[in-house]
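Participant: Below is one structure. I have some questions about it.
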Amino acid sequence: MGKVVRITKGSNGWGTFLEVTPTEEKKYVVSITGGGIHPVAQKIADLLEVPARDGFKEKIAPEEMIIAVVDCGGTLRCGVYPKMGVKTIDLHPISPSGPLAKFINESNFISGITEENIVLLEDGAQTAPELTQTVSEEPKAAKPVVEAVAAEPQKSSSPMDLITNLGKAIGKIVNIFYQGGRESIDIVLKNILPFMTFISIMVGIINYTGIGNVLATAVKPLAGNLAGLVILSIICALPVLSPILGPGAVIAQVVGVLIGVEIGKGTIPASYALPALFAINSQVGCDFAPVALTLAEADELTVESGVPAMLFSRLITGPIAVVVGWLLSFGLY
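Numbering-wise, the sequence shown is residues 1 to 333 according to UniProt numbering.
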């Protein structure tokens, strides 16, 4: 049996541990972190004696991935690879969240990982059994039930059958609404309320400490005029920075709260709210580009060319979006 590496969740992370070993098909440790191959991914690859690949520069098929290393702040990437059946570790200490959270479980995901959480087990050590089945697997016991239902003779139509079918149809519609309501509440509890709490804390810190006045003095030359916002959008869209600023949109949230507070105080004109929104979000999606191309089953050459093309295109579309936002802001305030 080949080498086995155990990765344990971080001190503030989620999950338990994952054990990985290379096979004939699974032969790469993939880093999708926006800054080359992360040291965590490199250490796992070194211990397993397999290559580490940069997911931003190369296309690696999911079936060839031993494990995926991501730096998602809890939006989408943390659930993409678990959905594809790839064990995933997140460098940030997050719990399952985002639209693909239902695919995340303790058998395919842990978070808050550092190099200290990675150890090499002895050759031949037996790995822990899988905790859950893959999402695509269907229970074998369900098949006879379906066949039994299908084998029932059809009854002749009657007024009672019409009422029964009508009741079933209404029940199905009610269940759809019920499920939609349940998922809406789940999204509110897991995503919207934490975000509102974060914004409230940021506004409180800015107002209480007076740091807002200091930052406003530094930001106003950029946020208080069109030329400054264009420069800010170019800075956020730099190919070196945009994949790093993207995960979790933390930078955009902090700057957005700061600018919003200053607009509320009257320090920055309200007419710059819309162009400022585009200026601080020029990097949006840049960290997700290689993942999206992988999901689209793009060719390797497409991935190698498409990711840099998208990153550099933001240097053009970012400032244009700011100018368009500035033009559309006339008459809004």
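Every residue gets a Cβ at the ideal spot worked out from N, C-alpha and C, and that includes glycine.
To the nearest angstrom, how far is the alpha carbon of E304 from that of A298?
Facilitator: In the sequence shown, residue 304 corresponds to position 304, counting from 1. In the sequence shown, residue 298 corresponds to position 298, counting from 1. E304 and A298: Cα-Cα distance of roughly 10 Å.
Participant: Provide the residue span of the beta strand (DSSP E) that contains T88, from first to last.
Facilitator: In the sequence shown, counting from the first residue as 1, residue 88 sits at position 88. T88 to D90 is the extent of the beta strand (DSSP E) around T88.
Participant: Using the three-state DSSP reduction, which class does M84 fall into: helix, strand or coil?
Facilitator: Your numbering for residue 84 matches position 84 in the sequence shown. Coil, per DSSP.
Participant: Let me know the secondary structure DSSP gives G2 once reduced to three states.
Facilitator: By one-based count along the sequence shown, residue 2 stands at place 2. The answer is coil: DSSP assigns G2 none of H, G, I, E or B.
Participant: When the Cα atoms are used, what is the spatial distance from G79 to A252?
Facilitator: Residue mapping note: residue 79 aligns to position 79 of the sequence shown, counting from 1. Residue mapping note: residue 252 aligns to position 252 of the sequence shown, counting from 1. Whole-angstrom Cα-Cα distance: 22 Å.
Participant: With I113 and G10 assumed to form a contact (beta carbons below 8 Å), what rounded beta-carbon distance in angstroms separates them?
Facilitator: As a working note, residue 113 is residue 113 in the sequence shown. As a working note, residue 10 is residue 10 in the sequence shown. Right, their Cβ atoms sit about 5 Å apart.
Participant: According to the neighbour-count rule (16 or more other Cβ atoms, all chains shown, within 10 Å of its Cβ), is Y272 buried or exposed?
Facilitator: As a working mapping, residue 272 is identified with position 272 in the sequence shown. Y272 comes out buried.
Participant: Is the beta carbon of I60 less than 8 Å from the beta carbon of I44?
Facilitator: On the sequence shown, position 60 is the one that residue 60 refers to. On the sequence shown, position 44 is the one that residue 44 refers to. Not in contact: I60 and I44 (Cβ atoms no closer than 8 Å).
Participant: Give me the Cα-Cα distance between E64 and E25, rounded to the nearest whole angstrom.
Facilitator: On the sequence shown, position 64 is the one that residue 64 refers to. On the sequence shown, position 25 is the one that residue 25 refers to. Cα to Cα, E64 sits roughly 5 Å from E25.
Participant: Are there 16 or more other CB atoms within 10 angstroms of the CB of P269, so buried, or fewer, so exposed?
Facilitator: Looking up residue 269 in the sequence shown gives position 269. Classification for P269: exposed.
Participant: Within its chain, find whatever has a CB closer than 6 Å to the CB of N281; leave out the 5 residues flanking it on each side and keep chain order.
Facilitator: Here the question's residue 281 lines up with position 281 in the sequence shown. Within the same chain, N281 has close Cβ partners A252.
Participant: Between which two residues does the beta strand (DSSP E) containing S111 stretch?
Facilitator: Mapped onto the sequence shown, residue 111 falls at position 111. S111 -> beta strand (DSSP E) spans F109 to S111.
Participant: Using the beta-carbon count (16 or more within 10 Å), is V174 buried or exposed?
Facilitator: Here the question's residue 174 lines up with position 174 in the sequence shown. Exposed.
Participant: By the three-class DSSP mapping on this structure, what secondary structure does S31 have?
Facilitator: Mapped onto the sequence shown, residue 31 falls at position 31. S31: strand per DSSP, three-state reduction.
Participant: Relative to the C-alpha of V29, which residue among L162, I89 and I231 is closest?
Facilitator: Within the sequence shown, residue 29 is the residue found at index 29, counting from 1. For V29, the nearest C-alpha among the options comes from I89.
Participant: Within 10 angstroms of the Cβ of F177, are there 16 or more other Cβ atoms? Answer buried if so, exposed if not.
Facilitator: Here residue 177 refers to the residue found at position 177 of the sequence shown. Per the 10 Å Cβ criterion, exposed.
Participant: Does DSSP classify A296 as helix, strand or coil?
Facilitator: Within the sequence shown, the letter at position 296 stands for residue 296. Coil at A296, not helix or strand.
Participant: Between P290 and G73, is the Cβ-Cβ spacing less than 8 Å?
Facilitator: Sequence index remark: in the sequence shown, residue 290 carries index 290 (1-based). Sequence index remark: in the sequence shown, residue 73 carries index 73 (1-based). No. Outside cutoff.
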